[in-house]
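For reference, the structure is listed below as C-alpha cells.
Residue numbers (my numbering): 104 to 249.
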C-alpha cells in the first residue's frame, strides 16, 4: 500500500463458515477467534530489579461458537456422534468477505469437534428466528489475507 493510502476496515457481517463434509447455511454469529502466547517468568540469579518475560507456547483460550438459524440436522448429528463416543474431527474456515463478496481474510481451524449444542429459545409471542449454537474445541488457528 502506498504511503498515505488508506484502507477502510472490513465489515463484520459479511462472512461464511465452511466445515469439511458438512453442507452449511449462513451463520449469524461467530465468536472465539482468539490466540495468545503464554508468557513465562524467569528470574535470573542475582538480578532483583526485573524478571525476564519469555515467550511460551501458543494457546487458544476460547472455543469457537457458531450461531445460525435452525435449518437442517447436520450440526445436531455431529454433536450426537461425539456424545456416543464417535469423535469426528473436522477442519474448517471462517471467511471474511469484502463488499463485493470476495474473500479477504480466512481463518482456518483444525481438528475441531463439538462440545456443546444449544437449541433455540422458543417463545409463542415473538416472530424471531429459531437459532442454534454449536461450540467447537479445536487444535489451532491460522490466518491468511487475500
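Think of the CB as a built atom: it goes at the ideal place given N, C-alpha and C, for glycine as much as any other residue. From a predicted model like this one, the values you see are computed outputs, not experimental measurements.
Cα separation between residue i and residue j?
i: residue 249; j: residue 166; result: 25 Å
i: residue 185; j: residue 132; result: 23 Å
i: residue 118; j: residue 158; result: 33 Å
i: residue 162; j: residue 225; result: 36 Å
i: residue 116; j: residue 222; result: 22 Å
i: residue 183; j: residue 122; result: 17 Å
i: residue 175; j: residue 127; result: 9 Å
How is the beta strand (DSSP E) around residue i delimited, first residue to last?
i: residue 143; result: 139-145
i: residue 115; result: Per DSSP, residue 115 belongs to no beta strand (DSSP E) and is neither H nor E.
For residue i, tell me which candidate among the options has the shortest Cα-Cα distance.
i: residue 160; options: 140, 214, 113; result: 140
i: residue 238; options: 220, 227, 194; result: 220
i: residue 244; options: 201, 150, 129, 197; result: 197
i: residue 218; options: 125, 211, 229, 169; result: 169
- Give, in chain order, every unbroken run of the alpha helix (DSSP H) that is at least 4 residues long and sits entirely within the stretch 158-232. 177-186
- Query: Does the stretch 182-190 come within contact of the stretch 137-149, defined as at least 3 CB pairs closer than 8 Å?
  - Reply: no
- Message: When you compare the stretch 197-210 with the stretch 230-241, are there three or more beta-carbon pairs, one atom per stretch, that lie closer than 8 Å?
- Response: no
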